[in-house]
Each structure stands twice: as C-alpha cells, then as structure tokens.
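For the protein sequence lines, the chains are A, B, C and D, in the order given. Going left to right, the first sequence walks through residues 33 to 282 as the working numbering numbers them. Going left to right, the second sequence walks through residues 2 to 261 as the working numbering numbers them. Going left to right, the third sequence walks through residues 2 to 306 as the working numbering numbers them. Going left to right, the fourth sequence walks through residues 142 to 450 as the working numbering numbers them. Working notes, structure below.
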Amino acid sequence: MLMRCVNVSKSFKVGRRRIEVLKGCSIAVDEGETVVLFGESGCGKTTLGRVLLMLVKPDAGRVFFKDTEITAPTREFRKSVQLIPQNPDEALNPRWRIYDSIAEPLRVHGLAETMNEEFDAVAAIAEKAGLKEEHLHRKPSELSGGELQRAVIARALILEPEFVVCDEPTSMLDVSVQAAIVRMLMDIQKRTGVSYLFITHDLELARAIADRMYVMSGGRVTGELRKEELRELSRESLIRCELPRVSARF
Amino acid sequence: MVFTGGGIILCILILSCLAPIAGDPCSVNMDERLSPPSFKHPFGTDQLGRDMLSRVLHGGRVSLIVAITISLLSMVVGCFVGAVSGYFGGVVDDVIGRIVDVFMSIPEIVLNIAMVGVFCAVYGVSTFIVIFAVVFTNWVGYARLMRGMVLSLKEREFVLCAKAIGAGEWYILFRHIIPNAAGPLIVLATLNIGNVIMTIASLGFLGLGIQPPIPEWGQILNSGKNYITTAPWISFFPGLFIALSVLGFNILGEGLNAES
Amino acid sequence: MLKVENLVVRFKSRVGVVRAVDGVNFDVVSGERFVFVGESGSGKTVLAMALVRLLPNNATVTGRVIFDGVDLLKLSEKEMRKVRNCKIAYIPQNQASLNPLMKVGYQCAEPLVEQGLERGRIMRKVSELLEFFGIGHRFKDYPHKLSGGMRQRALLVMGLSREPEMIIADEPTKGLDAVKREQVVEAFQKLGRRTLMVITHDLPFAEKVADRIAVMYCGKIVEISPAREFFDCPLHPYSKGLLESLPERGMNPIKGFQPSLVNLPEGCRFRERCDLSTARCAEEPPLLEVDGSLVRCWLYADEMC
Amino acid sequence: MYVVRRAVQAVITLLGVSLISFSLLYIFPGDPAEFILSIRYGYEPSAEDVARLREELGLNRPLVTQYLDWLSRALRGDFGMSWTEPKAVMPLILERAQASAELFLATFLISIFFAFVLGILSSIYRDRWIDHLTRMFSMLGISIPSFWLGLVLIWIFSVNFHLLPAFGCCGIKHLVLPVLTWSFSFMAIKTRFIRASVIEELSKEYIVTARSKGLAESAVVLRHALRNALIPIVTYLSMSVSHLIVGSIMVEVVFSWEGLGTLLVKSVFERDFPVVQALVFLSGVVMISVNLVVDLLYTVIDPRVKYGE
Numbered sequence: 033m034l035m036r037c038v039n040v041s042k043s044f045k046v047g048r049r050r051i052e053v054l055k056g057c058s059i060a061v062d063e064g065e066t067v068v069l070f071g072e073s074g075c076g077k078t079t080l081g082r083v084l085l086m087l088v089k090p091d092a093g094r095v096f097f098k099d100t101e102i103t104a105p106t107r108e109f110r111k112s113v114q115l116i117p118q119n120p121d122e123a124l125n126p127r128w129r130i131y132d133s134i135a136e137p138l139r140v141h142g143l144a145e146t147m148n149e150e151f152d153a154v155a156a157i158a159e160k161a162g163l164k165e166e167h168l169h170r171k172p173s174e175l176s177g178g179e180l181q182r183a184v185i186a187r188a189l190i191l192e193p194e195f196v197v198c199d200e201p202t203s204m205l206d207v208s209v210q211a212a213i214v215r216m217l218m219d220i221q222k223r224t225g226v227s228y229l230f231i232t233h234d235l236e237l238a239r240a241i242a243d244r245m246y247v248m249s250g251g252r253v254t255g256e257l258r259k260e261e262l263r264e265l266s267r268e269s270l271i272r273c274e275l276p277r278v279s280a281r282f
Numbered sequence: 002m003v004f005t006g007g008g009i010i011l012c013i014l015i016l017s018c019l020a021p022i023a024g025d026p027c028s029v030n031m032d033e034r035l036s037p038p039s040f041k042h043p044f045g046t047d048q049l050g051r052d053m054l055s056r057v058l059h060g061g062r063v064s065l066i067v068a069i070t071i072s073l074l075s076m077v078v079g080c081f082v083g084a085v086s087g088y089f090g091g092v093v094d095d096v097i098g099r100i101v102d103v104f105m106s107i108p109e110i111v112l113n114i115a116m117v118g119v120f121c122a123v124y125g126v127s128t129f130i131v132i133f134a135v136v137f138t139n140w141v142g143y144a145r146l147m148r149g150m151v152l153s154l155k156e157r158e159f160v161l162c163a164k165a166i167g168a169g170e171w172y173i174l175f176r177h178i179i180p181n182a183a184g185p186l187i188v189l190a191t192l193n194i195g196n197v198i199m200t201i202a203s204l205g206f207l208g209l210g211i212q213p214p215i216p217e218w219g220q221i222l223n224s225g226k227n228y229i230t231t232a233p234w235i236s237f238f239p240g241l242f243i244a245l246s247v248l249g250f251n252i253l254g255e256g257l258n259a260e261s
Numbered sequence: 002m003l004k005v006e007n008l009v010v011r012f013k014s015r016v017g018v019v020r021a022v023d024g025v026n027f028d029v030v031s032g033e034r035f036v037f038v039g040e041s042g043s044g045k046t047v048l049a050m051a052l053v054r055l056l057p058n059n060a061t062v063t064g065r066v067i068f069d070g071v072d073l074l075k076l077s078e079k080e081m082r083k084v085r086n087c088k089i090a091y092i093p094q095n096q097a098s099l100n101p102l103m104k105v106g107y108q109c110a111e112p113l114v115e116q117g118l119e120r121g122r123i124m125r126k127v128s129e130l131l132e133f134f135g136i137g138h139r140f141k142d143y144p145h146k147l148s149g150g151m152r153q154r155a156l157l158v159m160g161l162s163r164e165p166e167m168i169i170a171d172e173p174t175k176g177l178d179a180v181k182r183e184q185v186v187e188a189f190q191k192l193g194r195r196t197l198m199v200i201t202h203d204l205p206f207a208e209k210v211a212d213r214i215a216v217m218y219c220g221k222i223v224e225i226s227p228a229r230e231f232f233d234c235p236l237h238p239y240s241k242g243l244l245e246s247l248p249e250r251g252m253n254p255i256k257g258f259q260p261s262l263v264n265l266p267e268g269c270r271f272r273e274r275c276d277l278s279t280a281r282c283a284e285e286p287p288l289l290e291v292d293g294s295l296v297r298c299w300l301y302a303d304e305m306c
Numbered sequence: 142m143y144v145v146r147r148a149v150q151a152v153i154t155l156l157g158v159s160l161i162s163f164s165l166l167y168i169f170p171g172d173p174a175e176f177i178l179s180i181r182y183g184y185e186p187s188a189e190d191v192a193r194l195r196e197e198l199g200l201n202r203p204l205v206t207q208y209l210d211w212l213s214r215a216l217r218g219d220f221g222m223s224w225t226e227p228k229a230v231m232p233l234i235l236e237r238a239q240a241s242a243e244l245f246l247a248t249f250l251i252s253i254f255f256a257f258v259l260g261i262l263s264s265i266y267r268d269r270w271i272d273h274l275t276r277m278f279s280m281l282g283i284s285i286p287s288f289w290l291g292l293v294l295i296w297i298f299s300v301n302f303h304l305l306p307a308f309g310c311c312g313i314k315h316l317v318l319p320v321l322t323w324s325f326s327f328m329a330i331k332t333r334f335i336r337a338s339v340i341e342e343l344s345k346e347y348i349v350t351a352r353s354k355g356l357a358e359s360a361v362v363l364r365h366a367l368r369n370a371l372i373p374i375v376t377y378l379s380m381s382v383s384h385l386i387v388g389s390i391m392v393e394v395v396f397s398w399e400g401l402g403t404l405l406v407k408s409v410f411e412r413d414f415p416v417v418q419a420l421v422f423l424s425g426v427v428m429i430s431v432n433l434v435v436d437l438l439y440t441v442i443d444p445r446v447k448y449g450e
C-alpha cells in the first residue's frame, strides 16, 4: 500500500463546542490507483484528505506512507504527496504571476539550479496541464476558473509526486471544463503512475473515474465499493441516500 | 482622487522644503509686531514681530517629519505584533488581544496628554517624548488591521497549498501573507499620517507638544489664540495648513482605497 | 405569455463595452417549463435579471420584453415594482439571498404585506406553503440555521406566496450537493403546471424539470428544443459537446477554451472549438427551424433548401 | 455563555487600564513623595518631610500591595487627595462633569441625527449631487482641526458680529458655538461610516431578493439594508466615544468651557497627577462599559451572535 491511515480521529473546536469530524477512519490507496472518497457535504471527507497529507494533525490514529509511519512531515514526504484544492480562485497567490506559483515547489525544495532549468520544468508541466505560455505571465485574476485549476494542477504535479489528494477539484467548474480537467488528470496518471485520492460528492463522476470508492457519512467510513459493484448500482439508488445501506455488507 | 490628494501633499512638501528662503522663523523684530499680511510679510507677523510665512513653512517641516516618523515607527511595531498574533494564534493571540483591548479602551489623546505631562515633569520637555507618547498609543491601529488580515489570509487555500508543498512558517508569513496585506496597510498608513498630524497639532495647541523655539503649527495657533481679536492671521494660517495637509492625506488614502 | 425580442444587455467595463446578452429572441408559453442551460459566462443570469429589470445601473438593456402584451422595458419603475410583486416572481441564486436578520416566515410573507393582504390570511398562507415544502417548522428561524436546500425552498415559497403568473428561478441548485439537489428537484416537481423559467448549468436537473430547453453560449441562444429531443439527440455541436462531457455520457471534453466576452470570434462563436466548422461559419448563422426545434448552425441550412 | 465570556474579557481589560493608570504615577524614576512636596512647597523639601510623607502614603510598601490598594480604592471611587487643591479628587471631577455632559449630550444627539440623515440620503442617491456634497462636506469635517474651526467661528460670530459669546459656560447661547464646532467634525466621521456601511449592504445578494419582491426602494433601504448596516454602525458608534472625548478636550479648551477636558489639561500643567490618573482610569471605564453594553445588545439585535462564531 502506498498510503494508508488507520483509525484516524479528529475533532475541532467551534466556539465552545468540540465537533468530532472524524471518528476512527481507515482507508488505503495503492500505487497507480484512483480511489474516490464520496460523501455529502460536511461528512468529514475534506478533513480526512488533509490528515493523509499531514496538513491536519490527527488526534488519534496512524498514517503510513510506503509502510513507514508519518508523525511529522519530512521534506521527502512533502515532495511525494500533493494537494489539489477545491476552489481554483483561492488556490493561487493573487499577487504572483502564474509562472511563479507553478515554480514555487521547485524553489522551496531548491530543485532548479538555474533560471533556465526552472523555466524548462515549468514550461513542460504547463504544457502537460494544457496551459499556453501566455497564461504563465498573467496574474490569477486574469484567468478563468478552468485555466486556474490547470495551473493549480501543474503546480501540484511539478515535483512528480506519487500521491495526490484531489479535493473536489471540479465542483466549482462547468461540466465541459470538468470533463477536460478530469481527462487530463487521467492521462497524467497513465503516464506517470501517480495515485489519486479523489474527493467528490458527485456520484456520476465517481462512477466514471473510480477504481475503488469509499463512502463516508457522519465522520465514519461506512463502506467500500469495487469498480464492478459501482457499475451495477442503479442511478436512482446512488442518489437516494441508499448507499449506506448498500455498503452495510462490508 | 489619488492625484488631487497627492498634489496637495506634494505642494505642502515643496513649500516646506523651500522654507529657508522665507527667512529665519525665530528672528524677533519688535517694531513690526502684530502687523497684518502685507507684501513684505504675506502672512503677517506675530506678537514678537516674527514673519508668519517663515514660521508656518518651517512648522510644516517639523509636522511632516515628526508625523511620518511616528507613523512609520508605529507601523513597524504594530505590523509585527499583529502578524505574529494573527499567524501563531493561541495563547500569544489571547494575550496580545487583551493588550490591544486595553489600548483601545483609553482614548488616545487622553493617554497622550497624560504621558507627555508626566514624562515632561520628570525629564523636561523634548520632542522625543512627544514621539514616544504618540507611538505608544498609535501602533494599535496597525496591529488590529494586520491581525485581521493575517487571520483571514491564513485560511485561504493558497496558504494551505504552500504548506502542502513543504514551505516553512516564516516563509509563508513573509512571502504569502504580508505581501497580500500590503494594500490595506498602505491605505491605513496614509490615513494615519493625517491623523498623526492632527494629534501633534492638538497636543501643540494644548501646549503639550513640540515646544518653542521650534515652530510647530498647533503651538503657533495656541500662541495666536490670545490675539484672536487683534491679529487673527496668527491663528488663521497655521490652521489652514493643518487642514490642507490632513485633507491631502485623507483624499489620497480614500483614493488608494478605491483603487485597490 | 412572455415574448422576448432582440434583447441586448451591454455592460460598461474598464476593458470596453461587454455584450453579455447579444440579441436574444424566445417566447415562453403559458403553463410551460422553459429551462435555460449554459455555462458560466454565457449570460444566462444576466438575461434573467434583465427580464425583471434588476440589473445594476451600469447595464443598458435594449430590445423588447413583452409580458401579457405589455413591454416591461417601457414601464415606469413603480409599475415595474407591481409586476415583480404580483406577476413575475424572480427567485435569486440561493445561499446569501435571504436577509440574515429577518425570520424566514416573515421574509416569505413580505411580498404579501406589500400587496396589502390581511395579516391572518398572510400567516395562514405562508405557513401552509412552508408546510407543503417540508419546512413548516422553520417559520420562526433565522436563515443561518437553515441548510442550503432549505434556503432554496424558502426562496421558492417566497416566490409562490404571491401567486405570480410566472416564476423565474436563477440557478436553484448552485452550490448544493447531490442529496440537497434532489430535494430541490422534488420541490420543483411539486409546483404543478405553473409557468416556469429556470436558469441552470446543471444538466441532470434540467432534464428532470424542463419541457423545453434553450442553450446559451457566449450571450447567444444556440438551440431551443423540446426537452426529450434535446437529451436524446441535440442539434447544435455545442449542445452535443455539453451533453457528452457529462460523466455518465462518456465525459468527452469540448476542445479549447471558451472565448472571453471582450473579443469574441466573428461569425459563429463556437467556430474555433467545433469539429464540424467550415468556411461558412465565419458568417453569423441564423436561427434555423428544424423539426420543431430552433438551432443556430449552418449545418442545418442545407436541409431547408 | 457568550455574556459571561464577554464580561470576563471586560474585567481583564479593566485591570489593564487600571495598570496603565497606576503606572503613570508610580513607575517613573524618582521619588513621588519628593515630587509631591516640591510641587507643594515650590522648593527642595527636607529629608524628614519626604520620609514622613512616604510613610503616610504607604510608599514604603511593595509595589504590588500599593497597586492593589490603589485599585480597591479606585473601584470605590476614591482616588485620594488632589496635590494642588485641598480636596479629594472625585468631588473635583464630579463638579466639572455636569458642564461636560451638557456639551456632550447636545453634540451627540445633533450629530448622530444629521449623520444618519445625510449618510442614508447619500447612499440612496449615490453619485448624485447630494452625495457629492455630503462627501465633500464630511471630507472637510474630518480634516479641519476643531480647535481652529472654533477660533474661526469665534472670530466671525463674536469678534466681528458680536452675535454670540465666545467664552464661558452655561446657557443656550454659550452652547451654540462649541456644539457647532464639535458637531461638524464628529458628524463628518459618522456620516462617512454610515454611508459606507449602507452602500456595502446594498451590494449584497439579499437586496436583489428584496427588490424582486417588488418593494419600494425606501423599504429596501430602510427595512433591509439599514437594519443590517446598523450592526457595524452601532459598533462604530460605541468605539467613537473616544472621538467624543478627544473632541471635548479640544473644544473645551478653545471655548474655556469649565468641563473635564479643561480639568485634564489644567491638572497636567499643575502636575496634579492624581486627577490625571483618575481621568485616564475613568475614561477607560466609560469606554469599556459602553462597548460591553453594545456587545450584549448584539445578542438581541443579531440572531447569529448567540450561536457561536
């Protein structure tokens, strides 16, 4: 297993109350796999994604990356796992050019020795993400949502990570743009063998891309479905909250 | 608006730089005391026969330099405190928050007056004390703004992304958060310089600001107060300059605010 | 019932004049559910707001919007208020569209108070309607305690309470997840045979609600078809591309990017992204009639001859 | 719970304010007793006198004990004796409070009234002549120093036309000029803020909803926008008590009004520091209580406050 977490719990303080967001979740993602994490809004799926990346420290439970336990994120770990967040308008520093944002991971990790090297790396990944060179020299406010999300993806993939958490990367986008972005992610997976944990609340989308799917509800992982099982489910039963019942078999 | 405000400030700056041409602000001439505006003395003369034009222009230099110094010092202190408080949160934030509350609860000028009064009683009068007293209360505005900006900026997704890349805390604070707070900060600083000019003039008017023989607008106004019936020009011109320069900074600040 | 002729909406902006809606013609028949489908930037929300004249002052609207024989664009502001209050209910996008300091029930009742109805009747009517949509117990709650789906239903009640002749709903499923979206669909299906115009980007939602579909692209209507035909066999290449990019229909993207409204291509606006484009597409295609549908594409011009 | 938490915060703030007021007098280098005596006698006091006074004032005790003692007395309204007059500090302040209150109340009511009227008109008729006029007027109001405006008004109305008395206290006629001066700047700031807040609310989405209901524009602005805008406006008004205090000092000095502002300045010059200390502390108390009351009011006005952030 590439990435896995065991019995992870997390609670947040909201005002004076403590809200338990995760109540003992265990999931695993294998190499080269696309695993969908499905759930309604507020079920804790975003938090679980962030726990895997160690952006949120779990209260209890353990996270393993390549069978070593991660307690504090090392530089190596940060290089191998990445995040694609939900809202592309927010995900890039509004004062930086797109180019600088995409090059940032290289700079943080000191991976590009010369300016030319850096430029080549950025141009290569930008092309893969479907950006034109003119896009690179603009500020985020001058691009559309779809173009921004491509830039965000380019930044996440420039270090050639092994595991990426895609946190509803297309929920703010139009369907035609969504199709383009998801296709692109799949193409890149074919070429590089990266694994995705794809968080979404859209069942049709999940069905279209998942190798496996976890269902979350109320802070718990309530079920796991294989690709074949996903296909068999009728559309109606998917939408009609019957999933928890379906997955009660597991 | 930016041009109007900037223009007014620029004019006052240039006039203040040209102050030495208008002559010595302290040369006493008892033969010409309280003479009204004329060709020789465009702004008239005061009770000691000193040329008001020269005094007002020299006063401008003092006011602007002191105000900008105070504003910059407050900005450095306030931004640092606010940024640290907002970014690291927790106990640090609680403690700083309470301190800021305390300062917000005492009207600035009351504390300024009290501090200047007490310190001058001990150390004697000096410009340094005025600067210290005003900075002591003035940093709070910057700290509040900075804390608010940092709190909202650090929840933004680009900061989360920077963390996911593996960037360090101070890197994020200085490369991502502070530059994005710069716009509102500049607006605040512009408006603040106007406010500080007003505060200094107020202190000067009460006799608690920068002391003679250094000419300062508020203090000149104060000395003219007693001659309001016979020589209104002594109070009129410094007041006009205070109003103009504060107006300039306010218009500029509002313009910058509308632009950003 | 509603007839729109050559409606143009221009916005003055820093980069120049943007024509957000550019010469739109359509009509809505009484008792029909007419759904506008389009992606962001297609001008569909601007269109809806232009019909009830709720656009900000920097927009100029020309053309004719004829409702029951009256041109709405020519009415005085006072007469227009009456139309909004009694005849056409515009239901805005959800989430922030409720006043945070006013109880839900009272907000729903406000249009009736404006109509001058008697208090007891208003209360009865509003609570009945809220009950009907399953949020009767929320009468005395403030909006922040309601979920997104509930808020959307409350907005619907607000529109229905005044018994309008027509409802215009703007993006009723925006920002809702699958389950809440389903609740909204149910609410819309409960409406019965009221004249309804819905603006949405959500194709599955449109499929469940619509009698007729209009597709907008870059400020123009490119196709108007009966709903069944549209989902079975769309005519315009853009409609096809849109449907095929749905996950359940293969998720095949349309190539290229949507052009910005500031510099649109000459002729057909979809030309640069279209696989079937020919030299003829450099000319603006007319809205052609094909088997009871209207489509703006040169592909169908020959069939007519 | 919110109420309790807010009250605890207020108490902590009050302690902070008391600490600052206390330190004003006791943390500067030098011996307060020597200082008091040199003020009282006007010459260098003898060592025995200083020692006796130190004993009397309890200055030999540790600083913490002194602070706690001072605080417990201050909370009961006892700030000790004045250094320059044979009176206790508190009666000295109360004597003056009425004159200040008159001025304060007149200004506050007048300027709030006009600020609301102008602010709302200006936001409804945005970018029309009334808005431009209001904005210009308020820009001038915040830029013109009140003490200068006061002198100009004195020169016009008292010196040239002999219409109104320039100095002194009490009676409607005496109130006119100070209130006019002070209202001008106070009103300007409020007007700007009210205008900005209402305009901000008018750009929100629920305003579109209100308009779509067919409400008249006046109902949209007053019932929907203004009601929501009141939340920031009331906060601002409560914070602006400090503006009022600042204004009161300057205006009182210009018009020789025998109020608390002139008392503060006089005490500073006469080095009557217990009075200064008491005024700093009391102004803090006033601000804290006003802010506390307003925050508690929110639990009534704003339904969102009760349920946590």
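Glycine is no exception: its CB is placed at the ideal position from the N, C-alpha and C atoms. Owing to the predicted nature of the structure, the values given are computational and were not obtained by experimental measurement.
Own chain partners of residue i with C-beta closer than 8 Å, once the 5 adjacent residues on each side are dropped
i: A280 (chain A); result: Residue placement at A280 (chain A) cannot be trusted, given a pLDDT of 38 that sits under 50; the coordinates are not used to answer.
i: M231 (chain D); result: G218, D219, F220 and A419
Beta carbon proximity, residue i to chain A, threshold 8 Å
i: F258 (chain C); result: yes
i: D178 (chain C); result: yes
i: E267 (chain C); result: no
i: G91 (chain B); result: no
CB contact below 8 Å: residue i versus chain D
i: V111 (chain B); result: yes
i: Y107 (chain C); result: no
i: E80 (chain C); result: no
Residues near residue i by beta carbon distance below 7 Å, same chain, minus five either side
i: F298 (chain D); result: L304, L305 and L318
i: E267 (chain C); result: A283
Cutoff 6 Å; reference residue i; Cβ partners in own chain excluding five residues on either side
i: S263 (chain D); result: D272, T275 and R336
i: Q184 (chain C); result: G150
For residue i, the three-state DSSP class (helix, strand or coil)
i: K175 (chain C); result: coil
i: S246 (chain B); result: helix
i: A60 (chain C); result: strand
i: I168 (chain C); result: strand
Euclidean distance between Cα positions of residue i and residue j
i: A183 (chain A); j: V209 (chain A); result: 14 Å
i: C198 (chain A); j: V263 (chain C); result: 32 Å
i: E341 (chain D); j: F81 (chain B); result: 30 Å
i: S352 (chain A); j: G137 (chain C); result: Since the displayed chain A opens at 33 and closes at 282, residue 352 (chain A) lies outside it and no answer follows.
i: P120 (chain A); j: T78 (chain A); result: 16 Å
Beta carbon proximity, residue i to chain C, threshold 8 Å
i: A211 (chain A); result: yes
Residue i at chain B interface by Cβ criterion, 8 Å
i: Y448 (chain D); result: Residue confidence is low: Y448 (chain D) scores 47 on pLDDT, short of 50, so the model does not pin down where it sits. Its coordinate-derived value is still stated next. Judged by the 8 Å Cβ criterion, Y448 (chain D) is not in contact with chain B.
Quick one: any contact between the region 190-197 of chain A and the region 224-232 of chain A, if contact means 3 or more CB pairs under 8 Å? Touching, per the Cβ criterion.
How do the region 32-39 of chain C and the region 191-210 of chain C stand: do at least 3 beta-carbon pairs fall below 8 Å, yes or no? With contact defined as three or more Cβ pairs closer than 8 Å, the region 32-39 of chain C and the region 191-210 of chain C are in contact.
Touching by the beta-carbon criterion (3+ pairs, under 8 Å), the region 179-186 of chain B and the region 124-134 of chain A: Of all C-beta pairs linking the region 179-186 of chain B to the region 124-134 of chain A, three or more are shorter than 8 Å, placing the two stretches in contact.
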